[in-house]
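Protein sequences, first through last, are from chains X and D. Per numbering that gives the first Met the number 0, residue 0 is the first one in the first sequence, and the count goes up by one each step. Per numbering that gives the first Met the number 0, residue 0 is the first one in the second sequence, and the count goes up by one each step.
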Amino acid sequence: MDKEYEPNIIAFLCNWCSYAGADLAGVSRFQYPANPKVVRVPCSGRINPMFIVKSLYEGLDGVWVSGCHPGDCHYNTGNYYARRRFALLKNMLSHIGFEEDRTLFSWVSASEGNIFADKAKEVTARIKKLGPRKKLLKNRDI
Amino acid sequence: MADKIVENIRKEAKRILEEKIVDIVIGFEKGTLPYTASPVFIENPDDVDKLIWNRYCHNNLAVYLRNFPDKKIGIIVKGCDSRSIVALMAEKQLTRENIYIIGVPCEGMLDKNKLLEEFGDNPPIEVKEEFLYPSCQYCEHKNPVIYDFLTGEPVQEKEEEPYPDVVEFEKKTLDERWKYFQEEASKCIRCYACRQACPMCYCEECFVDTNSPKWLDPGIDLPDLQVWHIIRAYHQAGRCVDCGACERACPMDIKILWLTRKLNKDVRDLFEFEIGIDPEKVPPLGTFSLYDKEEFLI
Ligand code: SF4
Ligand code: SF4
Ligand code: SF4
Ligand code: FES
């Protein structure tokens, strides 16, 4: 039982930047924790904020969303729309008393393999620090 | 004052029905219980005497506008209801030409429950500010922002901090906020009256009703209730006009405006957007600025 707590994290990565950044981190053999489980999405603008809430409800310990830097979005503006949605969602979750560090957002480009690894470490560390999650969790075991 | 308004409403409703400017007028008639008024739909000019106006006309009648797609509609609105019309126009849900707006400068609607508790069935002549609904206490647009006919002199608008309640709430600790949310959400019976009362909840299929994808279990476990509250409020981001109709419709007296008002405050602070003012302006989540703040990023 004294095995270290390992948070289960879902990472929504945009196909064109952050996913490619993760790929580069891999081929460059940069080490990073295995906690973030990647879901590849076409663009950060594809992330319906309901995906984030649903992930929490279904039991993930944290959610990480990463897309292209402003100006780099493959569809030009997807990440600008996403930025507005995430800003409001994050503030609202904190308003209801939900830990802010469980939903994290970043921009990582296809050439930033090292940065991807760093962010993965940071995301994992922040969520790990909060410990197992209780709030908003749907208990399907009963 | 109120009598004059009623007289003007009836006269104008009669005129627009007789002259066939509209097919139907949506307004209020006398309620069957103390401190109430009920929505009424009038098609015959001879029926306009049913129309009333008092401090209990709290429903947001804009919610009915989309029910009559083939008709020209006359509607009686307060400040907040007129903002719903603007918000719906901004979302291309209404055509201005099909609506004739009779605007009433509003003095605020009175909270039925507070009055019943204080005075029983004998309504007082003079009532104090504290008997207003919360949404009316904070209201910044008592005068309709859009209308074809105004039934009286504009009333004085407030110019104080528009979100004192949100500012105050944000001073609480994380745990206190969570506790409050738990307490409020746990009372919910998922009747969806809040959704039905809101002019902006016009989805053909609400996320709580879809099976594929299934966003949410149908039960009343606390997380189910909380997720319902979170998403319903979030769906109002950049769209809610603070009318308070949702909260007043709730049979469990659950506080829900504290969620949407937080979003409204953020929309104003972050994107400098006030909802329901300009029908030509794209709603804030339908657009962006290159310079939107992104300090929240890691
Ligand atoms: S969410 Fe509530 S306050 Fe906002 S527009 Fe809808 S009914 Fe009015
Ligand atoms: S809660 Fe959301 S999905 Fe449901 S009707 Fe309202 S806006 Fe539509
Ligand atoms: S009206 Fe009240 S009880 Fe009904 S679904 Fe909305 S919050 Fe829950
Ligand atoms: S394609 Fe990467 S954010 Fe749009």
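By construction, the Cβ of each residue, glycine as well, lies at the ideal position given by its N, Cα and C atoms. The structure displayed is predicted, hence computed values, not measured ones.
Straight-line gap, residue 14(D) to residue 49(D) (C-alpha atoms, nearest Å): Near 15 Å, if we compare the C-alpha coordinates of residue 49(D) and residue 14(D).
Output, in chain order, the set of chain D residues within a Cβ distance shorter than 9 Å of residue 121(X). The answer, in chain order, is 297.
Taking only beta-carbon positions, decide if residue 13(X) is within less than 8 Å of chain D. Taking Cβ atoms only, chain D never reaches closer than 8 Å to residue 13(X), which makes this a no.
Identity of the residue in 11(X), 20(X), 58(X) nearest residue 112(X) by Cα: Out of 11(X), 20(X), 58(X), the CA that lies nearest to the CA of residue 112(X) is found in 20(X).
Alpha helix (DSSP H) segment containing residue 79(X), residue limits: Start and end: 77 to 94.
Helix, strand or coil at residue 148(D) [DSSP, three-state]: Three-state result, residue 148(D): strand.
Compute the Euclidean distance between the alpha carbons of residue 81(D) and residue 92(D), then round it to the nearest angstrom. Rounded to whole angstroms, residue 81(D) and residue 92(D) show a C-alpha spacing of 14 Å.
C-alpha gap between residue 74(D) and residue 100(D), whole angstroms: If you draw a straight line from the Cα of residue 74(D) to the Cα of residue 100(D), it comes to about 5 Å.
Secondary structure of residue 102(X), DSSP reduced to three states: Three-state result, residue 102(X): strand.
With residue 179(D) and residue 114(D) assumed to form a contact (beta carbons below 8 Å), what rounded beta-carbon distance in angstroms separates them? Rounded, the Cβ-Cβ distance is 26 Å, inconsistent with contact.
Determine whether the beta carbon atoms of residue 253(D) and residue 170(D) lie at a separation below 8 Å. No, they are not a contact pair.
Are the C-beta of residue 96(X) and some C-beta of chain D separated by less than 8 Å? Yes, residue 96(X) lies at the interface with chain D (some Cβ there is under 8 Å from its Cβ).
Could you tell me the distance, in whole angstroms, from the CA atom of residue 191(D) to the CA atom of residue 256(D)? C-alpha separation (whole angstroms): 15 Å.
For the structure I just gave you, are there three or more beta carbon pairs, one from the stretch 60 to 70 of chain X and one from the stretch 8 to 22 of chain D, closer than 8 Å? Result no; under three Cβ-Cβ pairs closer than 8 Å.
Any chance you could list the beta strand (DSSP E) runs of at least 3 consecutive residues sitting entirely within the stretch 55 to 126 of chain D, in chain order? Given a length threshold of 3 residues, each whole run of the beta strand (DSSP E) inside the stretch 55 to 126 of chain D is given here in chain order: 72 to 76, 98 to 102.
Would the beta-carbon of residue 207(D) be found less than 7 Å away from any heavy atom of ligand 2? Indeed, a heavy atom of ligand 2 lies less than 7 Å from the Cβ.
So, with DSSP's three-state summary, where would you put residue 296(D)? It is coil, neither helix nor strand.
Pull up the distance between the alpha-carbon of residue 0(X) and that of residue 243(D), whole angstroms please. Reliability fails at residue 0(X), whose pLDDT of 49 lies under 50, so the model's placement of it is uncertain and the value that follows must be treated cautiously. Looking at the two C-alpha atoms, the distance is approximately 50 Å.
Under 8 Å between C-beta atoms, does residue 128(X) make it to chain A? Absent from the structure is chain A; the protein chains it does hold are X and D.
Beta-carbon spacing of residue 278(D), residue 85(D) below 8 Å: Result yes, Cβ atoms of residue 278(D) and residue 85(D) sit closer than 8 Å.
Determine, for residue 217(D), whether the minimum Cβ-Cβ distance to residues of chain X falls below 8 Å. Taking a beta-carbon distance threshold of 8 Å, residue 217(D) does not count as an interface residue toward chain X.
Quick one: residues in its chain with C-beta nearer than 8 Å to the C-beta of residue 163(D), no 5 flanking neighbours on either side, listed in chain order? Same-chain partners within the cutoff: 137.
With a threshold of 8 Å between beta carbons, is residue 292(D) in contact with chain X? Cβ-Cβ to chain X under 8 Å: yes for residue 292(D).
Below 8 Å, can you find three or more Cβ-Cβ pairs linking the stretch 101 to 111 of chain D to the stretch 50 to 59 of chain D? Output reads yes: the stretch 50 to 59 of chain D touches the stretch 101 to 111 of chain D.
Within the stretch 245 to 276 of chain D, note down every full alpha helix (DSSP H) run reaching 4 residues or more, in order along the chain. Entirely contained in the stretch 245 to 276 of chain D, the alpha helix (DSSP H) runs reaching 4 residues are, in chain order, 256 to 270.
In chain order, what residues of the same chain have a beta carbon less than 7 Å from the beta carbon of residue 130(X), not counting five sequence neighbours either side? Same-chain partners within the cutoff: 4.
Beta-carbon gap between residue 25(D) and residue 38(D) smaller than 8 Å: Result yes, Cβ atoms of residue 25(D) and residue 38(D) sit closer than 8 Å.
What are the partner residues of residue 36(D), as DSSP defines its beta bridges? Per DSSP, 29(D).
Which partner residues does residue 134(D) have in the DSSP bridge list? Looking at the DSSP assignment, residue 134(D) forms no beta bridge with any residue, so it has no partner.
Check whether residue 88(X) and residue 51(X) have beta carbons under 8 Å apart: Going by C-beta atoms, residue 88(X) is nearer than 8 Å to residue 51(X).
Option nearest residue 41(X) by Cα separation, candidates 80(X), 18(X), 132(X): If you compare the alpha carbons of 80(X), 18(X), 132(X) with that of residue 41(X), the shortest gap goes to 18(X).
Within 7 Å: the Cβ of residue 63(X) and any heavy atom of ligand 4? In this structure, ligand 4 has no non-hydrogen atom nearer than 7 Å to the beta-carbon of residue 63(X).
Relative to the alpha-carbon of residue 326(D), which residue among 224(D), 267(D), 236(D) has its alpha-carbon at the smallest distance? Absent from the structure is residue 326(D), since the part of chain D shown begins at 0 and ends at 297.
Which value, in whole angstroms, describes the spacing of the CA atoms of residue 2(X) and residue 127(X)? Between residue 2(X) and residue 127(X), the C-alpha separation is close to 13 Å.
Could you check which residue in 7(D), 12(D), 52(D) has the C-alpha nearest to that of residue 27(D)? Ranking 7(D), 12(D), 52(D) by Cα distance to residue 27(D) puts 52(D) first.
Taking DSSP's pairing of strands, which residues face residue 11(X) in a bridge? For residue 11(X), which the question treats as bridged, DSSP gives the partners 38(X), 64(X).
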